[in-house]
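Visitor: Numbering that gives the first Met the number 0 numbers the first residue of the sequence shown as 0 and each following residue consecutively. We put the CB at the ideal spot given by N, CA and C, even for glycine. Keep in mind it's a predicted model, so treat the numbers as computed, not measured. Questions regarding the structure given below will be posed in turn.
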Amino acid sequence: MTKHPWKLVGPWYRWTRPGVSSVGRGSRPVFQKYDGPAFVADFLKDPQRSLKFTDDDFVHEVKPLPPMNPAKYNNQPRRLSEFGYYPTTTRKLFLDTHKRFYLVVCELHCDITGFPSVNRAQICDAGFVVRRRVVRNLTKEAVAFGTPIFQRIAATRSALGQLAVMQPQTQLGFMKKALAPEGELLLTDAIAESFETNQKAMLEQLTLERSNALRWATTYGVSLRLQGWKQIREGIGEWIDVDEASVEAPVEQTLPLYPLIPDPREEKHSAKGRTIYFGVAPTGSADTDEFGTARFDDAAQYEIRCFVRRYKHPPTNGGKPKCCGEVVWSLPTEVYQLASHFDLAGTNNRPVSMQLPDLKALEAQAAALPPNQLAPFRMVSPLNSNLEVTADETGKIKDHGTSSQICSFSIPLITIVATFVFKLFLPVVTLLFGLFFMLKLKFCIPPSISLSAGVAAELNATLELGLDVSVDAKLDVGTPLGNDIDAQLRIDLGDEMVDGLRNGVVPDRPGGFGPRAVADMTNSVYESGLEQNAPSLTAKLEYEAHVDAEVFA
């Protein structure tokens, strides 16, 4: 067994240029996303078939929207919210409760000419660790001085990203119709020169701001620590500082990597002749520290590093040697955060249906069956705990209910009451706190929207122009557009909701929204109502493109 140096990298089919070893040497383990609990079996069958990462798979942040001019119409806001939902460059992993599952995948090569795969028999152990990066010594004063620096860094990086997609030929395409053939080359050169000048200036600005960030960290003693999870006992652990440059075995808790052994009957299996390992990336854990703080949350940023350990001596027929050889680490994966439990994009992936009772069927069953077959759910109230009161004719409470009780209830009865209470308090909470955005979190089918195509087209055109058109019947008396939309709004949202949207709900305080905000809501509800059924859960799934093994030569 010749001991060549090893390199643990990403799988060959996810390299930016599959088959080019110089690209593969600098790659890192990758995440592969799936939409079903049988994702391991799917991976073993075809490692390349996984879901594409889309815009939903980035962490988003809430920022103020650019101000509208004018900001108000008749002293009312022109939009429902002054905040926008913007994507960052940080990867987001959804939870298994969101019907999304992830594997971390890596591949092992000999770091020599040709970049050949390592013989799996030389590997005695493989695994990965989940680590996080935390900022230490971050005081209020440090935050106050550092925030503008990092805001400028983020803005510069965003501008660079936008500039990268505005290549000279892209810009030229918009002006070709106005160009003479002989002037096209000159204009292309001018655009290219401007593009390079702007890019150079932004890169210099980014370098300057990063230097400012370094000086800020030094001045205030702010440091970035790498931490791993060390298990103290089952279910209890703690985050400890670890050394990123260490080549020793991990001191924190490790999770297993499994070898991908291809089916020998599959001639074109993506793992044939390769040493690929995979592991299940955890998106949740029951572990906590000794104070009850969960191991994972949706605020921290995490990364995964894979490792393999080689035998110190080659295996022999006489017995298996101890696994105490060199440890080879991969580069860390891309940084990621976990989605929150109430992430709207995530919860939308796993709809939950609750069948409401049929009142006529319940009435017939209640009349036909004896009581002991109708109420399987029991509530046992100890003495002085039955939460019942009695009152006299004046309303004064006489008794707080000191007896003990065992009451049985029917599950449909509890469901009916819970649904009634929810529907009763939904408009109350929405109106009382002005949470009108919650109207977009409700979607009923079959739709009650019946706006004509002409009205919808007119409304869309108005919104695209950014105009304020009143949809209040009081303001648009006699206009078909105003009356039609107003009537439909009252059907779909209810009179109280429409009046609350326009006029507010607190008499001594101005409230409500301008006509453009109401029109936006109307248009959004109308577009949602165009679907006769709930959105398909499979139609929107996109899979990664398949790479032929022949390109790796």
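1. Looking at the structure shown, is D547 part of a helix, part of a strand, or coil, going by DSSP?
2. Measuring CA to CA, which of K51, I148, Y257 is closest to Q31?
3. Throw me the rounded Cβ distance for the R224 and V117 pair, which I believe falls under 8 Å.
4. Which of the three DSSP states is assigned to Q354 in this structure?
5. For R508 and F57, I'd like the C-alpha separation in whole angstroms.
6. In this structure, does DSSP put H97 in helix, strand or coil?
7. Output the distance between the C-alpha atoms of L474 and P514, rounded to the nearest integer angstrom.
8. Got a sec, what are the start and stop residues for the beta strand (DSSP E) T393 sits in?
9. Going by DSSP, what residues sit across from M378 in a beta bridge?
10. Leaving out five residues before and five after Q336 in sequence, what residues of the same chain have Cβ atoms less than 8 Å from its Cβ?
11. CB-CB under 8 Å to H215, same chain, minus the five flanking residues each way: which ones, in chain order?
12. Assuming L382 and S403 are in contact, meaning their beta carbons sit under 8 Å apart, how far apart are those beta carbons, in whole angstroms?
13. I'd like the ranges of any beta strand (DSSP E) spanning at least 3 consecutive residues and lying wholly in the region 111 to 147.
14. Assign V250 to one of two classes, buried (16 or more other C-beta atoms within 10 Å of its C-beta) or exposed (fewer than that).
15. Leaving out five residues before and five after I275 in sequence, what residues of the same chain have Cβ atoms less than 6 Å from its Cβ?
16. Which residues in the same chain have their Cβ closer than 6 Å to the Cβ of S409, if we skip the five residues on either side of it in sequence?
17. Using the beta-carbon count (16 or more within 10 Å), is K395 buried or exposed?
18. Straight-line CA distance for S26 to V334?
19. Can you check DSSP and say which residues form a bridge with F306?
20. Return the residue from the list R308, A40, N197 that minimises the CA-CA distance to Q121.
21. Give me whichever residues DSSP pairs with I275 in a beta bridge.
22. For a quick check, are the C-beta atoms of F277 and V104 less than 8 Å apart?
23. Buried or exposed: F38, going by 16 or more other Cβ atoms within 10 Å of its Cβ?
24. From this set, G83, L159, V517, which residue's C-alpha is nearest Q581's C-alpha?
25. Taking N347 as the reference, give the member of Q204, D55, F42 with the closest Cα.
26. Cutting at 7 Å between CB atoms, please list the residues of its own chain near P356, excluding the five before and the five after it.
27. What separation, rounded to the nearest whole angstrom, lies between the Cα atoms of K267 and R273?
28. Look up L202 in the DSSP assignment and say whether it is helix, strand or coil.
29. Return helix, strand or coil for F42, following the three-state DSSP convention.
30. Can you name, in chain order, every residue of its own chain whose Cβ lies under 8 Å from the Cβ of A285, other than the five neighbours on each side?
31. Look at the alpha carbon of L171 and the alpha carbon of P69, and state the distance between them as a whole number of angstroms.
32. For T88, report the span of its beta strand (DSSP E) as first-last.
33. Classify Q531 as helix, strand or coil using the three-state DSSP reduction.
34. Pull up the distance between the alpha-carbon of E237 and that of R130, whole angstroms please.
35. For Q166 and T292, what's the separation of their Cα atoms in angstroms?
36. Helix, strand or coil: which one does DSSP assign to V250?
Guide: Taking the definition as stated:
1. coil
2. K51
3. 33 Å between Cβ atoms; not a contact.
4. coil
5. Legend: pLDDT at R508 = 49, less than 50; position of this residue unreliable, no value from coordinates given.
6. helix
7. Unreliable placement is indicated for L474, whose pLDDT of 34 sits below 50; no coordinate value is reported for it.
8. Premise fails: T393 is in no beta strand (DSSP E) and is neither H nor E.
9. C406
10. V58, T89, R90, K91, L92, D297, A298, A299, Q300, Y301
11. With the sequence shown as reference, residue 215 is identified as Trp, and His is not the correct amino acid for it. Closer than 8 Å at Cβ, skipping near neighbours: A141, F144, G145, I148, V221.
12. 5 Å
13. 122 to 135
14. exposed
15. P10, E106, L259
16. L373, A374
17. exposed
18. 14 Å
19. G126, W328
20. R308
21. E106
22. yes
23. buried
24. Not covered by the structure: residue 581. The range shown for the chain is 0 to 552.
25. D55
26. P411, T414, I415
27. 12 Å
28. helix
29. helix
30. G234
31. Only weak support is given to the placement of L171: the predicted model assigns it a pLDDT of 47, under 50, and the question is left unresolved by the model.
32. 82 to 92
33. At Q531 the pLDDT is 47, less than 50, meaning the model places this residue with poor confidence; the figure from the coordinates comes in the next sentence. Q531: coil per DSSP, three-state reduction.
34. 12 Å
35. Residue placement at Q166 is flagged as unreliable, the pLDDT there being 49, under the threshold of 50; a coordinate-derived value is accordingly withheld.
36. coil
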